[in-house]
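For the sequence shown, this note's numbering assigns the number 8 to the initial residue and increments by one for each residue that follows. Note that beta-carbon positions come from the ideal geometry of N, C-alpha and C, so glycine has one too. What follows is a set of notes on a single structure, which appears directly below.
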Amino acid sequence: MEFETVIGLEVHAQLLTETKIFCNCSTKFGGAPNSHACPVCLGMPGVLPVLNKKVVEFAMKMALATNCLINKSCSYARKNYFYPDLPKGYQISQYAYPLAEHGHVFLDVDGVQKKIGITRIHMEEDAGKLIHDEHNPFSYVDLNRTGVPLIEIVSEPDMRSPEEAADYLKRLHEILVYLEICDGNMEEGSFRCDANVSIRPRGQKEFGTRAELKNMNSFRNVQRALEYEVKRQQYLVENGGKVVQETRLWDDAQSVTNSMRSKEEAHDYRYFPDPDLVPVIVDDTWVEKIAKELPELPLAKRERFVKDYQIPAYDAGVLTVDKALAGYFEDVVKLCSSPKAASNWVMGDVLKFLNEEKRDIRNCPISATALAEMICLIEDGTISGKMAKDIVEEMYKTGKDPKAIIAEKGMVQITDEGALSIAIQKIMDANPNQLKDYRGGKDKLFGFFVGQVMKATQGKANPQLVNDLLKKMLAG
Numbered sequence: 008m009e010f011e012t013v014i015g016l017e018v019h020a021q022l023l024t025e026t027k028i029f030c031n032c033s034t035k036f037g038g039a040p041n042s043h044a045c046p047v048c049l050g051m052p053g054v055l056p057v058l059n060k061k062v063v064e065f066a067m068k069m070a071l072a073t074n075c076l077i078n079k080s081c082s083y084a085r086k087n088y089f090y091p092d093l094p095k096g097y098q099i100s101q102y103a104y105p106l107a108e109h110g111h112v113f114l115d116v117d118g119v120q121k122k123i124g125i126t127r128i129h130m131e132e133d134a135g136k137l138i139h140d141e142h143n144p145f146s147y148v149d150l151n152r153t154g155v156p157l158i159e160i161v162s163e164p165d166m167r168s169p170e171e172a173a174d175y176l177k178r179l180h181e182i183l184v185y186l187e188i189c190d191g192n193m194e195e196g197s198f199r200c201d202a203n204v205s206i207r208p209r210g211q212k213e214f215g216t217r218a219e220l221k222n223m224n225s226f227r228n229v230q231r232a233l234e235y236e237v238k239r240q241q242y243l244v245e246n247g248g249k250v251v252q253e254t255r256l257w258d259d260a261q262s263v264t265n266s267m268r269s270k271e272e273a274h275d276y277r278y279f280p281d282p283d284l285v286p287v288i289v290d291d292t293w294v295e296k297i298a299k300e301l302p303e304l305p306l307a308k309r310e311r312f313v314k315d316y317q318i319p320a321y322d323a324g325v326l327t328v329d330k331a332l333a334g335y336f337e338d339v340v341k342l343c344s345s346p347k348a349a350s351n352w353v354m355g356d357v358l359k360f361l362n363e364e365k366r367d368i369r370n371c372p373i374s375a376t377a378l379a380e381m382i383c384l385i386e387d388g389t390i391s392g393k394m395a396k397d398i399v400e401e402m403y404k405t406g407k408d409p410k411a412i413i414a415e416k417g418m419v420q421i422t423d424e425g426a427l428s429i430a431i432q433k434i435m436d437a438n439p440n441q442l443k444d445y446r447g448g449k450d451k452l453f454g455f456f457v458g459q460v461m462k463a464t465q466g467k468a469n470p471q472l473v474n475d476l477l478k479k480m481l482a483g
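In structure tokens:
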């Protein structure tokens with residue numbers, strides 16, 4: 008039997024506000040345990056939450072960037088459940104009346120644009136964090152994260168492969184980081200994903216029984232977990248078994264999913280309107296104000312790079328994954344007027360050095376000005392491309408500009424025809440047998456003479472000029 012995979016994702020993104028969603032506690036990551044907590048976020052009797060306006064504006068930015076309809080009114084509800092890191096016994100979230108609905112993003116699937124629907128985007132508060140001691144039979148609780156603002160982005164079940172799901176997740180991540188409303192750090196938990204996955208016989212309209220996957224802290228792990236779960240469900244069905252509705256955890260070390268808890272029936276969270284929070288009214292003026300603040304988004308930037316700079320779509324995709332990287336590239340192009348050369352150097356050597364040291368482009372020792380200057384020196388013939396490889400590495404190590412390195416190492420390219428002609432003549436005189444064979448028809452020996460000239464000039468000779476002079480002088 009041939010199966011079709013059906014995947015939907017629920018993405019939680021912590022918002023980059025300075026304070027929590029309903030109180031003035033800091034949202035900064037890494038504080039001493041329980042040092043960023045107060046009676047409001049701990050839900051002490053008699054306290055009243057006050058909504059952080061910046062949370063609403065950040066959520067509106069994501070809604071607009073993902074083509075959602077922003078509702079004129081939205082309200083908060085209490086989602087009741089007990090867990091040790093939820094001191095109030097309920098989470099303030101949105102249920103019947105979310106901020107935004109009916110959005111979408113596009114994925115490039117085999118060269119075709121595929122629309123992935125977004126069911127809703129709503130605001131809520133985060134819970135705390137349990138820290139389990141592997142060597143003792145107890146756990147610690149850190150409530151610093153309690154009350155940190157989240158948006159939850161719920162997709163339609165429109166993805167049909169783990170690859171599509173990973174791609175969708177990357178698109179959301181790019182947009183959030185471009186908007187500067189989330190840092191996207193999956194390791195610290197500020198960007199998290201739960202996946203719902205099921206299979207069905209190809210052609211069947213009804214969805215199969217789904218499993219919910221948790222504990223995936225990287226794009227790669229999301230894809231790996233989904234791949235495993237699809238195979239597990241297919242194996243069950245093909246061997247007469249039945250997929251049960253449950254929550255499963257991804258075990259990265261074993262590369263398997265394990266059952267966490269059964270979900271035969273939906274949880275009754277007993278949602279009801281939060282009596283301490285009034286509805287949020289979103290008028291057209293507010294929406295228009297937020298829309299004007301949106302930056303150029305990744306997809307639009309890619310299209311502009313291809314159109315304006317005439318670089319391949321692949322290059323544009325790599326360069327626009329990160330907003331700062333795209334800005335770095337554009338700064339280089341402004342100074343050297345050679346987009347493809349700039350693209351090659353940024354995607355090649357610069358990213359290679361940064362990735363080796365796990366550094367960000369914002370901390371790159373090679374400034375955009377210095378890289379542009381080096382590209383200009385290649386184009387005006389001062390240095391060769393081969394010499395530039397050594398120079399850019401030295402630039403990265405020392406932070407020096409290319410002209411200083413060239414002066415220190417005497418790396419100026421030789422473009423004097425007279426000097427090169429003398430050098431070529433000496434090489435011809437020193438290799439009479441090879442010269443005779445070349446003139447006798449062994450054209451492959453041309454490379455031998457090129458190599459000898461470059462060796463004699465310590466790689467400083469202009470390659471094109473060497474080729475032109477050799478063709479003329481070897482011909483006799």
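- Item | Nearest to Ala379 (by Cα), restricted to the options Ser344, Glu363 and Ile99 | Ser344
- Give the secondary structure of Pro208 by DSSP, where H, G and I count as helix, E and B as strand, and everything else as coil. strand
- Rounded to a whole number of angstroms, what is the C-alpha to C-alpha distance between Ala349 and Val237? Rounded to the nearest angstrom, the two C-alpha atoms are 42 Å apart.
- From what residue to what residue does the alpha helix (DSSP H) around Pro46 run? Pro46 to Leu49
- Message: Excluding the 5 residues flanking Ser269 on each side, which residues of the same chain have their C-beta closer than 6 Å to its C-beta?
- Response: Glu253
- Item | At least three beta-carbon pairs within less than 8 Å, the segment 359–367 to the segment 389–397 | With the cut-off at 8 Å, the segment 359–367 and the segment 389–397 do not touch.
- Task: Starting from Met130, trace the beta strand (DSSP E) both ways and give me its first and last residue.
- Result: Per DSSP, Met130 belongs to the beta strand (DSSP E) from Val119 to Glu132.
- Within 10 angstroms of the Cβ of Lys449, are there 16 or more other Cβ atoms? Answer buried if so, exposed if not. exposed
- Message: Tell me the DSSP secondary structure of Arg255 in three-state form.
- Response: Looking at Arg255 - three-state DSSP - the assignment turns out to be strand.
- Query: Cα-Cα, which of Arg366, Phe336, Ser80 and Lys27 is closest to Pro46?
  - Reply: Lys27
- Query: For the alpha helix (DSSP H) that Glu424 lies in, which residues bound it at each end?
  - Reply: Glu424 to Ala437
- Among residues of its own chain, excluding the 5 on either side of Asp140, which ones have a beta-carbon nearer than 8 Å to its beta-carbon? Ser146 and Tyr147
- Message: I'd like the span of the beta strand (DSSP E) that includes Gln317, first residue to last.
- Response: Segment: none, Gln317 is in no beta strand (DSSP E) and carries neither H nor E.
- Would you mind stating whether Val289 and Ile77 have Cβ atoms separated by less than 9 Å? In this structure, Ile77 lies closer than 9 Å to Val289 by Cβ.
- Limits of the beta strand (DSSP E) - the one that His180 falls within: It is not in any beta strand (DSSP E) - His180 instead sits in the alpha helix (DSSP H) that spans Pro169 to Leu186.
- Task: Report yes if the CB atom of Ala260 is closer than 9 Å to the CB atom of Ile14, and no otherwise.
- Result: no
- Task: Spatial neighbours of Asn222 within its chain, please: CB distance less than 6 Å, with the 5 preceding and 5 following residues excluded, ordered by chain position.
- Result: Leu256 and Trp257
- By DSSP, does Met193 sit in helix, in strand, or in coil? coil
- Message: In the DSSP assignment, the alpha helix (DSSP H) including Val460 goes from what residue to what residue?
- Response: In the DSSP assignment, Val460 falls within the alpha helix (DSSP H) that extends over Phe453 to Ala463.
- According to DSSP, is Pro156 helix, strand or coil? strand
- Task: Have a look at the DSSP bridge pairing and note the partners of Ser80.
- Result: Ile288
- Query: Does the segment 400–419 come close enough to the segment 449–460 to have 3 or more Cβ pairs within less than 8 Å?
  - Reply: no
- Met402 to Thr24, Cα distance in whole Å? 37 Å
- Could you tell me how far apart the beta carbons of Ala307 and Arg369 are, in whole angstroms, since I believe they sit closer than 8 Å? Ala307 to Arg369, Cβ: 22 Å. No contact.
- Query: Quick one: what's Thr26 bridged to in DSSP?
  - Reply: Ser33
- Task: On the DSSP bridge assignment, give the partners of Asp201 in chain order.
- Result: Glu17
- Message: Using a Cβ-Cβ cutoff of less than 8 Å, which residues in the same chain neighbour Glu245 once the five nearest sequence positions on both sides are dropped?
- Response: Met8
- Check each candidate in Trp352, Ala298, Tyr316 and Gln241 and name the one with the smallest Cα separation from Glu11. Gln241
- Message: So, with DSSP's three-state summary, where would you put Glu9?
- Response: coil
- Cβ of Tyr102 within 9 Å of Cβ of Asn87? no
- Exposed unless 16 or more other CB atoms sit within 10 angstroms - verdict on Leu176: buried
- Message: Can you give me the C-alpha to C-alpha distance between Gly334 and Leu326, rounded to a whole angstrom?
- Response: Inter-residue distance for Gly334 and Leu326 is about 9 Å (C-alpha atoms, whole angstroms).
- Message: Closest to Arg217 by C-alpha separation, out of Gly191, Lys249, Cys30 and Glu386, would be which residue?
- Response: Lys249
- Query: What does Val63 pair with, by DSSP beta-bridge criteria?
  - Reply: Per DSSP, none; premise fails for Val63.
- Message: I'd like to check one pair, Pro305 with Val287: are the Cβ atoms closer than 9 Å?
- Response: For Val287 and Pro305, no; Cβs fall outside 9 Å.
- Query: What whole-angstrom Cβ distance do Leu183 and Ala66 have, given they're in contact under 8 Å?
  - Reply: The C-beta distance from Leu183 to Ala66 rounds to 11 Å, too long to fall under 8 Å, and the pair is not in contact.
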